[in-house]
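Numbering (the numbering used here), first residue to last: 3 to 189. Glycine is no exception: its CB is placed at the ideal position from the N, C-alpha and C atoms.
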Amino acid sequence: PTTQPGEPEPAPEVNEGPVQIGDKMIQFVDKDKNPIPPPPDVDILMSELKETMAAGNYTVAEQKVEQLFQHPFLTLEQREEVLHLNADLMFAMYHNDLNTNYEKIVSSAIEAMNANPDSPRNATALLRLGYVNLRTNNLNEAQAYFNMLRRQFPMDEHIPLTYYYWGEYYYDRGDMLQAAYQFQYVV
């Protein structure tokens with residue numbers, strides 16, 4: 003049935019019956035064994051998470067990340083993607099105050115990398131770890147992460163940024179010779 007202008011839309015039907023998952027029928031129940039709707043589709047939640055992050059709605063994005071972490075059917079590949087998206091989210095939320103939020107940013111990136119040490123997504127995490135450490139004056143750690151990026155992902159498009167960030171670091175401190183030396187790798 004259609005609604006007339008000004009009438010509220012009817013509530014969507016909620017399927018509280020069993021659902022087909024793979025070759026099994028599964029009935030979701032609450033703690034009292036009452037039927038409840040199945041969890042939302044992982045792909046839909048992932049899409050919503052990316053949309054909310056792109057829109058800068060970080061509070062909703064955090065909720066989506068939590069929903070995904072709690073999802074009973076999250077595959078290892080999907081979990082890895084959620085961990086990297088969470089690291090992106092932590093950086094987006096807290097990049098303006100790296101000293102105060104250092105632990106949140108760094109731990110989320112390391113957790114994402116640990117999910118799959120061979121993931122190509124780790125290049126971005128290594129770049130971010132190097133950048134955060136450079137901006138918080140942890141120079142040895144910054145150099146180590148940038149070196150890991152260059153060694154593990156020698157063809158990655160982000161490698162020039164490692165030199166740019168060092169150049170920026172030296173330029174901000176008035177060391178024009180070192181800044182020029184770093185910037186030459188970018189040009």
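Helix, strand or coil for I107, going by three-state DSSP, please let me know.
helix
Does the segment 91 to 111 come close enough to the segment 73 to 83 that 3 or more CB-CB pairs lie under 8 Å?
no
For the candidate residues D45, D177, A127 and I107, whose alpha-carbon lies nearest to that of L70?
D45
Y96 versus K26 - alpha carbon distance
43 Å
Reducing DSSP to helix, strand and coil, say where M48 ends up.
helix
Mind reading off the beta-carbon distance from R152 to T164? Whole number of angstroms is fine, and I expect it under 8 Å.
7 Å
I believe L91 touches E50 by the beta-carbon criterion, under 8 Å. Please report the beta-carbon distance rounded to the nearest angstrom.
No, L91 and E50 are not in contact; Cβ-Cβ is about 13 Å, not under 8 Å.
Within 10 Å of its beta-carbon, does K33 have 16 or more other beta-carbons around it, so buried, or fewer, so exposed?
exposed
With 16 as the cutoff for other CB atoms within 10 Å, does I28 come out buried or exposed?
exposed
Continuous alpha helix (DSSP H) assignments of at least 4 residues falling wholly in the segment 66 to 148
78 to 96, 100 to 117 and 124 to 137
Taking only the alpha-carbon atoms, compute the straight-line gap between A114 and A89 and give it to the nearest angstrom.
7 Å
Endpoints, beta strand (DSSP E) assigned at M27
K26 to I28
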